[in-house]
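Peer 1:
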Amino acid sequence: MDHLAILKKKWLEKILSGEKTIESRWYKQRRTPYQKIAKGDIIYFKESGKPVTTKATVQEALFFDALTEEKLKDILQTYGKQIGMTFDAIPSLLNKSYCTLVVLQNVEKIDSFTINKKGFGNMAAWITVEDIDQIKK
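Just so we're aligned: 72 in my numbering is position 54 of the sequence shown, and the numbers increase by one with no gaps anywhere.
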């Protein structure tokens, strides 16, 4: 499977520098990539409003549900540095029920390309497709 992750410039820069080695997604309801991403999948990254510029391979995917304050603390204690989050994020995560952590490997810049999100919603921040060519413009 191929995935498109849309994120803010600062997070993409941290992934490229190697400072951020885990991409995290936190949701109130089950949404992709929860349980829809696996080792060996490819993630393409783009900054919001910009073309796709980066790709990585999934080394491991971890899933957490029924999040409580205690579980959030455990996740951030174990993975916070690699995610780029501290305990300061807990108040904003208390209303989330699902967490996906994606351990990244082989992060690389690629020739940029644009995508067509039609059918996925304007606010989609993560898209899962069989092949990235399905959404390339």
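Note that the Cβ used here is the ideal one computed from N, Cα and C, for glycine as well. Keep in mind it's a predicted model, so treat the numbers as computed, not measured.
If you count every other CB in all the chains shown that lies within 10 Å of the CB of PRO109, and 16 or more means buried, which is it?
Peer 2: In the sequence shown, residue 109 corresponds to position 91, counting from 1. With fewer than 16 other Cβ atoms within 10 Å, it is exposed.
Peer 1: Report the rounded CA-to-CA distance for LYS28 versus ILE101, giving the unit in angstroms.
Peer 2: To locate residue 28, count along the sequence shown from 1; it is residue 10. To locate residue 101, count along the sequence shown from 1; it is residue 83. Cα to Cα, LYS28 sits roughly 13 Å from ILE101.
Peer 1: Using 10 angstroms around the beta-carbon of SER130, count the other beta-carbons present and answer buried if the total reaches 16, otherwise exposed.
Peer 2: Here residue 130 corresponds to residue number 112 of the sequence shown, with the count starting at 1. When all chains shown are included, SER130 counts as exposed.
Peer 1: Would you call the region 63-72 in contact with the region 80-97, where contact means no fewer than 3 C-beta pairs closer than 8 Å?
Peer 2: With the cut-off at 8 Å, the region 63-72 and the region 80-97 do not touch.
Peer 1: Using a Cβ-Cβ cutoff of less than 7 Å, which residues in the same chain neighbour ARG48 once the five nearest sequence positions on both sides are dropped?
Peer 2: Locating residue 48 in the sequence shown gives position 30, where the first residue counts as 1. Closer than 7 Å at Cβ, skipping near neighbours: TYR116.
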